[in-house]
Amino acid sequence: MPGGSDEKERRVKVDRKRAAQQRRIAQSMGGIGFALPGSLTVRAYRCGKAKCRCKADPPQLHGPYAFWTRKIDAKTVTRILTEEELADYQELFDNARRLRDLMSQLQELTLQLVEEADGGSRAKAVKKSPRTAQGLRRGASRAAQAE
Ligand SMILES: [Zn+2]
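See below:
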């Protein structure tokens, strides 16, 4: 934010406990190898054919198959993996999931720091984005008046 008089003072204070947690998360992230985007689901399914064993009584579903679903150019694309591919890629999916978990932990940790700095005001501002924008404008005009 330009023009603020308290630019140099950092609002977010990091205590030793949180700093240690951040380092631990970063270390864990650094130990993770390659990671595939998207999600993996293994399931049996019914096909679209009217007469098929998957609609018999009792039904014999197709699969189970491993479905790899991800976004490519904002489109959801699903691919069925062979057993060999699944065996090969499983670790890469697991790595991606661990990275997402660690990222969530890091974001939660950072959110705690920011909320402490804000004195809890962030939780109220999150409800509607227009309010957030108004808050920023109010903050800017207040800073202008202070000068
Ligand atoms: Zn079928």
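So in my numbering, the last one in the sequence shown is 158, and the numbering has no gaps at all.
All C-beta atoms, glycine included, are put in the ideal place defined by N, C-alpha and C.
No experiment lies behind these values; they were computed from the predicted model shown.
- One thing to note: I36 has its Cβ no nearer than 8 Å to the Cβ of N106.
- In the DSSP assignment, L92 falls within the unbroken beta strand (DSSP E) covering K86 to L92.
- By the Cβ neighbour-count rule, A30 is exposed, with fewer than 16 other Cβ atoms within 10 Å of its own.
- For K82, the secondary structure class from DSSP, reduced to helix, strand or coil, is strand.
- By the criterion of a C-beta distance shorter than 6 Å, R54 is surrounded in its chain by P75, once the five residues flanking it on both sides are discounted.
- In this structure, the C-beta of K28 stays at least 7 Å away from each heavy atom of ligand 1.
- Residue ranges of uninterrupted alpha helix (DSSP H) with 4 or more members, entirely inside the stretch 88–129 and ordered along the chain, are 94–129.
- L51 is the residue among R64, L51 and Q32 whose C-alpha sits nearest the C-alpha of E102.
- DSSP places A37 inside the alpha helix (DSSP H), whose first and last residues are R27 to G41.
- Within the same chain, Cβ atoms closer than 7 Å to the Cβ of L47 are found at Y100, L103, F104 and A107, the five residues on either side in sequence being excluded.
- Per DSSP, reduced to three states, the secondary structure at R57 is coil, with no helix or strand assignment.
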